[in-house]
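Participant:
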Amino acid sequence: MLPVFFLLHFTFQALPVQDPSHQPNGDDRDHRFLVLGDSHMMGEYGLHLMEELSRFGQVLSIAVGGAGSRDFSRGRLWDVCCGYDIRKKGRFDPAVRKVELGRRRFQIAYSRYNGSLTAVVYDYRPTAIVLHLGNNQSDEHQALLDELRRTSGAPVFWIGVIQCDGSRSVNRRIQAVVARNPNVFYVPNDDLSYLRIQRKCDYHFGGELARRWAMENATRILGALRLGLAP
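Residue 8 is where the sequence shown starts when you use my numbering, and the numbers rise one by one after that.
1) Is residue 27 helix, strand or coil when you go by DSSP?
2) Between residue 68 and residue 189, what straight-line distance do the alpha-carbon atoms span, to the nearest angstrom?
3) Please report how far the alpha carbon of residue 217 lies from the alpha carbon of residue 152, in whole angstroms.
4) State yes or no: is the C-beta of residue 178 within less than 8 Å of the C-beta of residue 198?
5) Using 8 Å as the threshold, is the stretch 59 to 68 in touch with the stretch 90 to 104, meaning 3 or more CB pairs across them?
6) Within a Cβ cutoff of 8 Å, which residues of the same chain sit near residue 202, ignoring the five residues on either side of it in sequence?
7) If we call anything under 8 Å between Cβ atoms a contact, is residue 163 one with residue 191?
8) Determine the direct distance from the alpha carbon of residue 222 to that of residue 150, and round the result to whole angstroms.
9) Beta strand (DSSP E) containing residue 68: first to last residue?
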């Protein structure tokens, strides 16, 4: 049997890019997506990904600039270095709504929950969790998955890094932890030729590239849910 990340890699490559005018049909669940990410989720790409996922339910995004899985698994969410954005988008909301923004280093994030990710997950009850972490190589991947599993049995989709300097080792670390954990799925991004760069992986895309990148990842995640690869 192929390792789960290779199996999903081939499955995702076969999925068509979703048309932005597509509307959910009667077979689509009303999902509650929880997205945990770094500064990519704070920018245009993050807004577009929330828009795409919200076609199929509610989205809560917690984005911390400069963060990695280590920073999400330490018991408290906080401003690592470069601010944080917490935003929501409902299925029928006209726009993404700002919940809390922080721009002070070491500030506790998500004051309503005193920075507790466990409390957020317990209260929000996600049906799918999306991780966009790895670029900053502040890694404790297994610790983060263990923390999420304490309060949620939702499938986890870990988005890989685009092809850039150092991306192979970053993606190998993500793939290794995905292979060890049930109900965790790797979403490849290093096959997206229009995003390949000869520079550090922290480069931020805007405009049409950001929109296209977000649409591709949303399509792959939603495709896996529809095909029953994840419950």
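The C-beta atom is built at its ideal place from N, Cα and C for all residues, glycine as well.
Here the structure is a predicted model, which is why all the values come from computation and not from measurement.
Facilitator: If we stick to the structure as given:
1) Reliability of the predicted coordinates at residue 27 is poor, the pLDDT of 35 falling under 50, and no value is obtained from them.
2) 23 Å
3) 27 Å
4) no
5) yes
6) 169, 170, 196, 212, 216, 220
7) yes
8) 29 Å
9) 64 to 71
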